[in-house]
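Worksheet: one structure, shown below.
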Amino acid sequence: MINLQSPFVQGSTSVSNIMFIVMLALIPGLIIYMYFFGIGILLNIILASITAIIAEYFILKIRKIPTKVFLTDNTALVTAWLLALSIPSIAPWWITVIGTLFAIIIAKHFYGGIGSNIFNPAMIGYAILLISFPAIMTKWQNPSYLYDANIAFSVFMHGIDNYDGIASATPLDYVKTELLQNKNILPILNEPLARLTQMQWVGFGFLLGGIFLLFTKIITWHLPVIYLLTLFTISSLFHLIDPSQFAPFQFHLLNGGTMLAAFFIITDPVSGPTTPKGKIFFAFLIALLVYLIRVFGGYPEGIAFAVIFANICVPLIDNLTQPKVFGHD
Amino acid sequence: MITSILVVIFLAVIIGIVLGISAIKFKVEGDPIIEKIDSILPQTQCGQCGFPGCKPYATAIANGEADINQCPPGGDEGIHKLADLLGVEYKPLNAEHGEPKPKSVAIIDEKTCIGCTLCIQACPVDAILGSAKHMHTIIEKECTGCELCLPPCPVDCIDMVAIEENAENWKWKYPVYKIDKVSERRAS
Amino acid sequence: MSNSYILIIISTVLVNNIVLTKILGLCPFMGVSKKLETSISMSAATAFVLTIGSMTSWAINHYLLEPNDLIYLRTITFIVVIAAVVQFTEMLMEKNFPLLYKMLGIFLPLITTNCAVLGIPLLNAQASHTLIESAVFGFGGAVGFSFVLILFASLRERLDGADVPKPFQGSAIAMTTAALMSLAFMGFVGLDR
Amino acid sequence: MKLFDKVFKFNGGIRAETKKNISTAQPIRKIPLPKKIVLPLRQHIGKLAKLKVDIGDEVLKGQLIAEADGNVSAAIHASTSGKITAIEKRLIPHPSGLPDFCIEISPDGKDQWIEKKAIPWKKIGLDKVNELLLESGIVGLGGAAFPTHLKLNNSKKAGALNTLIVNAAECEPYITCDDMLMREKTHELIQGIKLVHEILNVKESVIGIEDNKTDAINFIQHAIKKEKNISLQIVPTIYPSGDAKRLIYLLKGIKIPKGRRSSDYGIQMFNVATILAIYRFIEFGEPSISRIVTITGNLKSPRNYELLFGTPLKEIIDDAGGQIIKNDTFIMGGPMMGFKLPSIDVPVTKAMNCIISSEPAMIEEKKPVLPCIRCARCAEACPVELQPQELFWFSKSKQLEKAEEYNLFDCIECGCCSYVCPSNIPLVQYYRFAKSEIIEERHEYEQANIARERNEFRLQRLEREKLERAERNALRRAQSSSEEKTKLIDEKRKAIADAMQRIEKEDDKND
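Chains as they are written, first to last, in the working numbering: chain A, 242 to 570; chain B, 144 to 331; chain C, 3 to 195; chain D, 2 to 512.
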């Protein structure tokens, strides 16, 4: 018997609702993604979801925890979706499976499951894939190479080896490699590979979904706004200092996973800070690191590393940013 | 070869001198850690740890002569606190020293008491009132429940009575929920 | 010139972090990270030992060993010097912070065998750093060590309340966490160029 | 009618369904004298009242039957005339569900008052009034049951008071006893406010009321038209605006931290029902023997009752037509902060402002309790600006020191965090657990300190005695025959005995 205590009335929000709305908000970006890049991404998402659910189910069984409640809280699905959206849509199936398994089993359940994970599971999965299979993880689909579902399925099963020209570097990657050859950035930015408008449209779709999340109060403004603002400020500053070396802010805001990260990845409540000040600092830190890694580091995109690093700092950030209690000085 | 030996000897001498001087300069007297340990101990003065009171036990712990798991009244919590304070691993209570019991007080059956004053001499906190040939009573508030008064009593008139839960000392319990296995596990 | 000092600091703190990238000094990293407070004091002690140790070993290396062609004595002399510095720190601490001394317990003398503390002077000698560079390198290593130790301790304090499954409780989850932390530090590759 | 005077909004709070109209349709009702009156000695915050009567005694209505034990306690009076028939442990309305000492009175049916005397408060001064209040048995009737004389004591110590705030916010869902009181006893209430205003010698009195009590607002606005120093301030309906410190902030913009009293800031606050009780006592000499109780929820005829303390709850529930859906579960207080009664066989007490016959939804466990996802919705809802998710994290894993560091004791247990939690975590229960645990630990620590002192004292005494004995023996051996010496020894013995006596006396005092 439960020991019944006040309050005896309850509001109506629930974890599974929140997670469901997050997934709903991912839909616009996903549709645009599919419109430009075909159904490859959908295959990845479906596979990731199935893997996540199965992994979750077995772990819950092993840990002797009631499965139904935790399978229906939708958190595993959100992790799976975010991971699938982060990895290239032309990655073969086993990439998705390995990443998802890492995310669910190690990043989530080693720590005790939902609520206890100190790292963002999707980003752990992504980072592990990136350092283990850099060749696959840095090849993105060439949007001019449009293909049908059959090819998409074949790529999904066997990888891209049979199809020439299907893969190309992302704008971030491309610009970085070109810059390493001591070129001026302005002409580089005008190359077609640096101006991947299709990718930018996807980012716009995520922005829409993010605004929906803000509107439904699933997330607070602190994280996305500060994140985007910091990225904007830093990139503009560097661009002002040396326009021949540093890309303007549009380039950084619209490319890579910036929008997805701003509204969906860094807003993961479990591994993020809880205080308003802490959120501001957290978002600032991630934006700073993302820029540093993108521009000065060895990897073309730094969101996963930045997020994991910021996750490490979260307990300390929370500790140091405790707000004043009512009436305290 | 010789240079190397010389160098090493030179180093050893220099280091020896520096350390020797600082050993004199930073000499430590007294050990404030005893007080810290003593403040964690429950002060029942029951002697179950094998020392004649809490302070001697605290001193023994500080000197490394006793382990931290010898105090049954302090219970698991006490051991955890000691482990935290001293930065050592937690160990379960050593059963040789007894099991933790619910907190209780001694009650003297005043009809049977013959007023021998033996219990008064045994009580470590002077919680028993009375004089020779007059029956004794226990100041319940002061009694630590150490049970030291039980063995000397010639007529077995002292009983340990567990303190009952009432509306005054009642506590809110740890919440237990069916679905949340983890909290069940922790509560048990 | 000062630019190179900054690079040394960035390199030792983030890119080539002594604990998470070089995997040195794991003993105190695992042992003294249960509580934030203790880890902060441990960091301070290690930082002190590392900086002083780097400088003295530089002096010994520069004035005693290299002129006399005794480079093969580096390891042994460094160990002796570090042991002495640790002894010194220990006495200092016992006098001034007795509770801390008790809390750090065995880990304080163990700084002697902390591979980070020996590793940094040896790396210094290898890279033929100047005195100031050695000091900066030692200090940077100490900051890097302190930085991850404090972060790790705060993470572990948070984990105290987590529902970590029984087999993973304690050192197992600490190791996993350290591994994932070093994953994050891999992202900094190339920042010191 | 001006809606929303300038208010200072506190952080968070919730807008739950108020469900107040359930019990406001019918006027306040009195019920006939019950067959037995059971008066618990614990009806207030503080020490148990001290018994003044014995079984078999005849008492009159309003007669003191148990007096306050020390300052933090409150007196109990017979709520009707009759005979004391039992003094024993009975179930009382207390969250523990444990029995406690009660006095049972069998009414003689005459309902005969003691001699009532108005208090000439203008003549006797505030100190004397306070002493009398200690005997009046009046406690805060908003639900907390804090002895009223203590509040006045505090204001006296603090010196100049400038504002009296009358708490008419009544923010918890379901409860309407203050609302009905204001509607039906408007005149008396205003007289009471004027009286307390003068006694406290304040400059202004402000009635703080939530905007959902339109009738009461109208009545009071009408009644205070001519009063210069009494004003009515309407605050928005956000739970917990009726919490004392939240209401003070709403009205005055002053944030009073935990551990400080409003009187330190020149403000004194009373609940409307308390004001009325003080008024009755001072104007007519009637001690605290009855109150208005909301009987609502899952009942055929929910309404407000004016009830004598000690009236068996069961009779009232029967009078209200009984439960519509039988589940025999009743909640005392509001749904946010109240507690489940152990049984219906408990008497009405001073703290009983509302009894909710539980709706089925209140007691069934619908939603599973999931782990905390740190969404911080609770922090957004917390009116004390705490970080409930951290407090939960530490309370759940029993890291009590940490919980305290995060200001656990500032928590007012209002339940807003539990209400908004998407994981359905009963956060407040964890805080209550952690608080009781810490309080007990502290108590044990104090006990341990006392024990240590006594032990050290004993060791010293033993040491001294040993020395004295040795000295005595030496003396005796050296000069066994000398008369002079014997005298000396006698003198010494006497001195020792005196000293011992002194010590024992001191010891007794320390007890």
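Cβ atoms here follow ideal geometry from the backbone N, Cα and C, with glycine treated the same way.
Note that the coordinates shown come from a computational prediction; the quantities given were computed from them, not determined experimentally.
Assuming Ser359 (chain D) and Phe395 (chain D) are in contact, meaning their beta carbons sit under 8 Å apart, how far apart are those beta carbons, in whole angstroms? At roughly 31 Å, the Cβ-Cβ gap does not stay under 8 Å, so Ser359 (chain D) and Phe395 (chain D) are not in contact.
Is Asp194 (chain C) closer than 7 Å to Val51 (chain C) when the C-beta atoms are compared? Contact: no.
Within this structure, are the beta carbons of His95 (chain D) and Ala201 (chain B) separated by less than 7 Å? Between His95 (chain D) and Ala201 (chain B), the C-beta gap is not smaller than 7 Å, which leaves the two residues out of contact.
Report the three-state DSSP secondary structure of Pro148 (chain D) (helix, strand or coil). It is a strand residue.
What separation, rounded to the nearest whole angstrom, lies between the Cα atoms of Cys422 (chain D) and Arg378 (chain D)? C-alpha separation (whole angstroms): 7 Å.
Through-space distance from Ile300 (chain A) to Trp334 (chain A), alpha-carbon basis: For Trp334 (chain A) and Ile300 (chain A), the distance between alpha carbons rounds to 22 Å.
According to the neighbour-count rule (16 or more other Cβ atoms, all chains shown, within 10 Å of its Cβ), is Trp315 (chain B) buried or exposed? By the 16-neighbour rule on beta-carbons within 10 angstroms, Trp315 (chain B) is buried.
Tyr240 (chain D) - partner residues in DSSP beta bridges: Paired residues: D:Ile15.
Endpoints, the alpha helix (DSSP H) within which Tyr65 (chain C) is located: That residue, Tyr65 (chain C), is in no alpha helix (DSSP H); it is neither H nor E in DSSP.
Report the three-state DSSP secondary structure of Ile20 (chain C) (helix, strand or coil). If DSSP states are grouped into helix, strand and coil, Ile20 (chain C) belongs with coil.
Applying the 10 Å Cβ sphere with the 16-neighbour rule, what's the burial state of Glu285 (chain B)? Taking a 10 Å sphere around the C-beta of Glu285 (chain B), we find 16 or more other C-beta atoms and assign the residue as buried.
According to DSSP, simplified to helix, strand and coil, what is Val396 (chain A)? If DSSP states are grouped into helix, strand and coil, Val396 (chain A) belongs with the helices.
Among D:Ile276, D:Ala382, D:Gly138 and D:Asn168, which residue has its Cα nearest to the Cα of Lys51 (chain D)? Ranking the options by Cα distance to Lys51 (chain D), first place goes to D:Gly138.
When the Cα atoms are used, what is the spatial distance from Gly172 (chain C) to Thr179 (chain C)? In this model, Gly172 (chain C) and Thr179 (chain C) are separated by some 11 Å (Cα to Cα).
If contact means a Cβ-Cβ distance below 9 Å, which residues of the region 152-177 of chain C contact chain D? So the list reads Glu159, Arg160, Asp162, Gly163, Ala164 and Asp165, given in the order they occur along the chain.
With Ala69 (chain D) and Ala76 (chain D) assumed to form a contact (beta carbons below 8 Å), what rounded beta-carbon distance in angstroms separates them? Their Cβ separation, rounded to whole angstroms, is 5 Å, which keeps Ala69 (chain D) and Ala76 (chain D) in contact under 8 Å.
Taking beta-carbon pairs under 8 Å, can you tell me which members of the region 517-545 of chain A lie near chain C? Answer set for the region 517-545 of chain A: Leu530, Leu533, Ile534, Phe537, Gly538, Gly539, Tyr540, Gly543 and Ala545.
Counting only Cβ pairs nearer than 8 Å, list the residues of chain B close to Asn70 (chain C). Among the residues of chain B, those whose CB is under 8 Å from the CB of Asn70 (chain C) are Thr146, Ser147 and Val150, following chain order.
Check the Cβ-Cβ distances between Leu245 (chain A) and every residue of chain D, and say whether any is below 7 Å. At least one C-beta of chain D is nearer than 7 Å to the C-beta of Leu245 (chain A).
Considering only residues of the same chain and omitting the five flanking positions on each side of Leu530 (chain A), which have a CB-CB separation below 8 Å? Excluding its 5 nearest sequence neighbours in each direction, Leu530 (chain A) has C-beta neighbours in its own chain below 8 Å: Gly543, Phe546, Ala547, Phe550 and Ala551, listed in chain order.
Continuous alpha helix (DSSP H) stretch holding Ala449 (chain D): start and end: First-last of the alpha helix (DSSP H) with Ala449 (chain D): Leu428 to Ala479.
Can you pull the DSSP bridge partners for Thr297 (chain D)? In the DSSP assignment, Thr297 (chain D) is bridged to D:Ile357.
Is the CB-CB distance between Pro318 (chain B) and Pro427 (chain D) below 7 Å? With respect to the 7 Å criterion, Pro318 (chain B) and Pro427 (chain D) are classified as neighbours on the basis of their beta carbons.
Give the secondary structure of Arg436 (chain A) by DSSP, where H, G and I count as helix, E and B as strand, and everything else as coil. Residue state, collapsed to three classes: coil.
Does the count of Cβ pairs from the region 459-475 of chain A and the region 485-502 of chain A closer than 8 Å reach three? Taking a cut-off of 8 Å on C-beta distances, the region 459-475 of chain A touches the region 485-502 of chain A, as three or more cross pairs fall below it.
Mind checking Gln213 (chain B): buried by the 16 CB within 10 Å criterion, or exposed? Of the other Cβ atoms in all chains shown, 16 or more fall within 10 Å of the Cβ of Gln213 (chain B); this residue is therefore buried.
Leaving out five residues on either side along the sequence, give the residues of the same chain with a beta carbon under 8 Å from the beta carbon of Ile218 (chain D). For Ile218 (chain D), where only same-chain residues beyond five positions count, the Cβ hits under 8 Å are Met2, Ile210, Asp212, Leu233 and Ile235.
Listing by chain order, which chain D residues have their CB less than 9 Å from the CB of Asp269 (chain B)? Here the neighbours are Arg455, Asn456, Phe458, Arg459, Arg462 and Asp508.
For a test of the three-state rule: what should DSSP assign to Ser476 (chain A), helix, strand or coil? DSSP places Ser476 (chain A) in the helix class (H, G or I) of the three-state scheme.
Can you list the residues of chain A that Ala186 (chain C) reaches, using a CB-CB cut of under 7 Å? Within chain A, the C-beta atoms nearer than 7 Å to that of Ala186 (chain C) come from Phe546, Ile549, Phe550 and Ile553, in chain order.
So Thr254 (chain A) packs on Thr292 (chain A), CB below 8 Å; how close in whole Å? About 28 Å separates the CB atoms of Thr254 (chain A) and Thr292 (chain A); that is not less than 8 Å, and the two are not in contact.
Residues in the region 494-520 of chain A having any Cβ partner in chain D nearer than 8 Å: Of all residues in the region 494-520 of chain A, only Pro510, Val511, Gly513, Thr515 and Thr516 place a beta-carbon less than 8 Å from a beta-carbon of chain D.
DSSP state of Gly83 (chain D) mapped onto helix, strand, coil: Strand, per DSSP.
Assuming Ile365 (chain A) and Ala348 (chain A) form a contact by the criterion Cβ under 8 Å, report the distance between their Cβ atoms to the nearest whole angstrom. Between Ile365 (chain A) and Ala348 (chain A) a beta carbon distance of about 4 Å is seen, short of the 8 Å cut, so the two are scored as contacting.
Does Met3 (chain C) come out as helix, strand or coil in the three-state DSSP assignment? Only weak support is given to the placement of Met3 (chain C): the predicted model assigns it a pLDDT of 47, under 50, and the question is left unresolved by the model.
Chain C partners of Ala368 (chain A), CB-CB under 7 Å? Taking a Cβ-Cβ cut-off of 7 Å, the neighbours of Ala368 (chain A) in chain C comprise Leu185, given in sequence order.
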